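Inspection log for the structure reproduced underneath, given as structure tokens.
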Amino acid sequence: MIANEPAASAAASISTRNLNLWYGDFQALRDVSLDIKPGIVTALVGPSGCGKTTLLRCFNRINERYGNVTTTGQITIFGKNIYDPDVSLTQLRKTVGMVFQRPNPLPISIYENVLFGIRSHTRRGEYSRRERDAMVESALRNVRLWDEVKDRLRKKATQLTLEQQQKLCIARLLPLKPRVMLMDEPCSALDAEGIERIELLLQELRKTYTILIVTHNMAQARRASDECAFMLLGRIVEHDKTLNVFLNPREKETEMYVTGRYG
Amino acid sequence: MEDSRRERDGAEGGAGQADSAPWLCRFLGPAESMVAGVVVRLCGYSAILFVFAILFFVLREAAPMLFGGMDLVEFISSPDWRPSSEVRPQYGILALLVGTLSVTGLAMALAVPLGLGAAVYISEFCTGKVKETLKIVIELLAAIPSVVWGFISYMVLAPLIVDLTGAPVGVNLLNGGAVLALMSVPIIVSVGEDALKAVPDSYREAALSLGASRWEVVYRVLFPAAKNGLLAAVLLGVGRAIGETMAVLMATGHAVQIPRGLLDPICTLTATIAAELGETVYGGPHYRMLFVIGLVLFTITFFVNLIADIVVKGIRNGQRA
């Protein structure tokens, strides 16, 4: 397992220390200590049920929706412990955006989807109509969706193709100016070309955001991530530069998994 | 056990029996299973038969007055319902219609916020034991016979209303509205909760992950997404309130007049039929007019249900898109 150099943890945007999580009696995360660096794409890989998604869902505390979750240990995001009593979930989720496995635009217009988050965080009338229009345009341009949808912003977002929906789900995070983006297998519902375009988008976005992506697709982890953490049965087995994990794995389990002999 | 089940399923698959229920084929030969199929089909079609039969019998009793003998203008526009007048019987249903509509309107004004509030609470804000208990209790509430509600309105609500408002009588529009509201709430809650439950969880997660509070999720995501189902819940509540007879008969005071305030006793279409049918001469004009009122009620509830149905279909189509 990787040693945590203190220097690295100071620079990290997300770090966890001895994180354990139980769903009822079932322990889904075991003693996870991990540092995610800003400005790069980090991939979480591992076989089904290893806890990748659970870990990801800890970082915006959306796990707590299910009543039977117990967590111990520490998660700090930009130096702030997110389990501190003074942390507002609304503020946390503004800073830490999430993209889901299945594109989930809300059944309202494209325009309103992009503004949904910002409307939760501002008073009515804080932005003028022109400012709102500009926000929508810039968010949609950033995800390369503007040209396709600019003439039907008032149409229901659920009528878009899956790829467009997923881009919209990324776009609606942008007006909130998040610093971290959590992506839970964002391409699993898309075809090969859609995947390519979303990965391209990731490369553009990573300059600005800390991106953490859960993926089942090993080729995608290899292509699209800078660092890679391999998980097994709720533990982090190995976390290193993506090339090292794939070409020079330190642990036997990692090697078995990345070479396709296990999982 | 698992194995034997699989075996049985396999045997059925191999037999490839007719299109009727496959489990029947284990017990019945081809001829019997055909008979069983016909019987089941008849049970299904009987619903249509009954609706038309009821319509036919009501129409038959009402026809002699409906197509001649009655003054349609007076029927609709006169508030005077004096069927047993010796001098000149009058059959105006305006007061009864206003009675029904006002008591239903009042009931909905009370029941819709209460029912939808409860539906939101059960569906979104409580879990586990509390949720199960509440659902069972609400079903129990729906199962209370209407005469018991009438009893409660008479013995509990009426004295309470007299005490609180100083009204001369406690059986009036307010009392009837309150009782009908309590009777419609269970329907609104259970249909409303189903509508909220049908909203995909991914919408809730999307909104929460964008920083919306749970309350914002309710009114910015769930209400718009479930609006057809919630509207259907309200309309079914309306249907329940319009058709209710015994409880309103006991609660409203049964005075034929157009109410000028919440504390006026009123009379509804349904209560009039229930109270007067036994006193009429079979085949006489009064008797037939009560059946005409029955037709009016039939028409109103038919349209309320039809609208509710169209609205519910709307949800299904909406979800497919």
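Residue numbers (the numbering used here), protein chains in the order written: chain Y, 1 to 263; chain G, 1 to 321. Idealized CB from N, CA, C, for every residue including glycine. Note that the structure is a prediction, hence the values are computed from the model and not measured.
Among the options, the one whose alpha carbon lies nearest that of residue i
i, options, result
"G/GLY229", "G/LEU297, G/ILE310, G/LEU106 and G/SER153", "G/ILE310"
"Y/ILE195", "Y/GLN220, Y/MET181, Y/LYS207 and Y/LEU173", "Y/GLN220"
"G/PHE302", "G/LEU236, G/HIS286 and G/HIS254", "G/LEU236"
"Y/ARG272", "G/LEU269, G/VAL156, G/VAL98 and G/THR127", "Not covered by the structure: residue 272 of chain Y. The range shown for chain Y is 1 to 263."
"G/VAL256", "G/VAL98, G/ALA47 and G/LEU59", "G/VAL98"
"Y/LEU232", "Y/TYR23, Y/SER15 and Y/ASP31", "Y/ASP31"
"G/GLY115", "G/ILE138, G/LEU157 and G/LYS131", "G/ILE138"
"Y/SER15", "Y/PRO38, Y/GLN27 and Y/PHE26", "Y/PRO38"
"Y/ARG235", "Y/LEU55, Y/ALA12 and Y/ILE36", "Y/LEU55"
"G/PRO259", "G/LEU101, G/SER123 and G/PRO200", "G/LEU101"
"Y/GLY73", "Y/LEU212, Y/LYS94, Y/LEU34 and Y/LEU168", "Y/LEU34"
"Y/PRO107", "G/MET289, G/ARG220 and G/THR272", "G/ARG220"
"Y/ALA12", "Y/PHE26, Y/ASP25, Y/ILE36 and Y/ASN20", "Y/ILE36"
"G/LEU182", "G/GLU193, G/VAL217, G/SER146 and G/ALA158", "G/SER146"
Cross-chain neighbours of residue i in chain G, by beta carbon under 8 angstroms
i, result
"Y/GLY67", "THR127 and GLY128"
"Y/LEU176", "LEU210 and GLY211"
"Y/ARG172", "LEU210"
Neighbour flag for residue i against chain G, beta carbons, 8 angstroms
i, result
"Y/ARG132", "no"
"Y/GLY234", "no"
"Y/ASN104", "yes"
"Y/ARG152", "no"
"Y/THR53", "no"
"Y/ASN60", "yes"
"Y/PHE116", "yes"
"Y/ILE14", "no"
"Y/ARG123", "no"
Pair within 8 angstroms by beta-carbon distance, residue i and residue j
i, j, result
"Y/VAL87", "Y/ILE170", "no"
"G/ALA150", "G/ALA63", "It should be noted that the sequence gives Gly, not Ala, for residue 150 of chain G. No."
"G/ILE93", "G/PHE75", "yes"
"G/TYR154", "G/ALA251", "yes"
"G/SER184", "G/ALA118", "no"
"Y/PHE59", "Y/ILE40", "no"
"Y/PRO178", "Y/THR95", "yes"
For residue i, the three-state DSSP class (helix, strand or coil)
i, result
"Y/MET231", "strand"
"Y/HIS239", "strand"
"G/GLY115", "helix"
"Y/CYS214", "Looking at the sequence itself, residue 214 of chain Y is Val, so the reference to Cys does not match. It is a strand residue."
"Y/LYS156", "strand"
"Y/TYR127", "coil"
"G/TYR121", "helix"
"G/TYR219", "helix"
"Y/SER48", "coil"
"Y/LYS177", "coil"
"Y/GLN101", "coil"
"Y/LYS37", "coil"
"Y/ASP147", "helix"
"G/PHE67", "coil"
"G/ALA62", "helix"
"G/VAL281", "coil"
"Y/ARG17", "strand"
"Y/GLY67", "coil"
Residue i Cβ short of 7 angstroms to the ligand SAH heavy atom set
i, result
"G/LEU173", "The ligand SAH is not part of the structure shown, which contains no ligands of any sort."
Within-8 angstroms CB hit, residue i to chain Y
i, result
"G/GLU205", "yes"
"G/SER85", "no"
"G/VAL312", "no"
"G/GLU216", "yes"
"G/ALA11", "Caution is warranted here: a pLDDT of 41 is assigned to G/ALA11, below 50, making its placement in the model unreliable, and no coordinate value can be reported."
"G/VAL304", "no"
Proximal chain Y residues relative to residue i, where beta-carbon distance stays under 8 angstroms
i, result
"G/ALA232", "Chain Y residues near G/ALA232: none, gap ~17 angstroms exceeds 8 angstroms."
Listed by chain order, chain Y residues near residue i by CB distance under 7 angstroms
i, result
"G/ALA198", "Ordered by position in chain Y, no residue passes the 7 angstroms Cβ test against G/ALA198, which lies about 12 angstroms from the chain."
"G/SER202", "PHE100, ARG102 and ASN104"
"G/ALA225", "PRO107"
"G/VAL221", "LEU106"
Under 9 angstroms by beta carbon: chain G residues contacting residue i
i, result
"Y/ARG93", "LEU208, SER209, LEU210, GLY211 and ALA212"
"Y/SER120", "ALA207, LEU210, GLY211, ALA212, SER213, GLU216 and ARG220"
Contact list for residue i against chain G, beta-carbon separation under 7 angstroms
i, result
"Y/THR90", "GLY211 and SER213"
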